[in-house]
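Q:
Residue numbers (this note's numbering): 24 to 178.
(1) Can you check whether the CB of residue 115 is closer than 8 angstroms to the CB of residue 71?
(2) Between the C-alpha atoms of residue 133 and residue 56, what's the straight-line distance to the nearest angstrom?
(3) So the alpha helix (DSSP H) residue 32 belongs to, where does it begin and stop?
(4) What's the gap between the Cα of residue 102 and the Cα of residue 68?
(5) Among residues of its own chain, excluding the 5 on either side of residue 160, which ones have a beta-carbon nearer than 8 angstroms to its beta-carbon?
(6) Could you give the residue range of the alpha helix (DSSP H) that holds residue 75?
(7) Could you pull the start and end residues of the alpha helix (DSSP H) that residue 50 belongs to?
(8) For a quick check, are the C-beta atoms of residue 40 and residue 97 less than 8 angstroms apart?
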């Protein structure tokens, strides 16, 4: 039985996905996202919170591959599922706004700009919908760096 040096299961999963070639990473990530949608709300929030806390611990070159693949795979889901996912990310960032300071926002924007236009448009539209679903949406918009707002076509 393989032993993981880290007790953080989310980090272990992310590390495993990062180590896979894209042709294996995509279907594995798709399966993990499908599984995510079967979980209850609290589990979804715990996973997203863990992902957000873990992303900064990876080298940019490695995590960028996973983020780009995640965006590509997520964009293949239906709009309601994407909005649900992005709304949870917004809620977690709103609860822990310091997380965004540790994120490599420019790298995330580069990965976003590196996916197909139809994927970008779908993700951007779903993120806008997720943000607009909050009564205090300006608190979330204020968390997003100017370069991120520009990439989304918000500013």
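All C-beta atoms in this analysis are idealised placements derived from N, C-alpha and C, irrespective of residue type, glycine included. Predicted model only: the values in this text are computed from it and were never measured.
A: Well, looking at it:
(1) Here residue 71 corresponds to residue number 48 of the chain shown, with the count starting at 1. Here residue 115 corresponds to residue number 92 of the chain shown, with the count starting at 1. Yes; because the gap between Cβ atoms is below 8 angstroms, this pair is in contact.
(2) Here residue 133 refers to the residue found at position 110 when the chain shown is read from its first residue. Here residue 56 refers to the residue found at position 33 when the chain shown is read from its first residue. Looking at the two C-alpha atoms, the distance is approximately 22 angstroms.
(3) Residue mapping note: residue 32 aligns to position 9 of the chain shown, counting from 1. Taken as a continuous stretch (DSSP letters only), the alpha helix (DSSP H) holding residue 32 covers 32-42.
(4) Sequence index remark: in the chain shown, residue 102 carries index 79 (1-based). Sequence index remark: in the chain shown, residue 68 carries index 45 (1-based). Going by the C-alpha atoms only, they are around 19 angstroms apart.
(5) Taking the chain shown and counting its residues from 1, the one referred to as residue 160 is at position 137. Excluding positions up to five away in sequence, the list reads 154.
(6) Your numbering for residue 75 matches position 52 in the chain shown. Where residue 75 is concerned, the enclosing alpha helix (DSSP H) stretches over 64-77.
(7) Locating residue 50 in the chain shown gives position 27, counting from the first residue. First-last of the alpha helix (DSSP H) with residue 50: 45-59.
(8) Here residue 40 refers to the residue found at position 17 when the chain shown is read from its first residue. Here residue 97 refers to the residue found at position 74 when the chain shown is read from its first residue. In this structure, residue 97 does not lie closer than 8 angstroms to residue 40 by Cβ.
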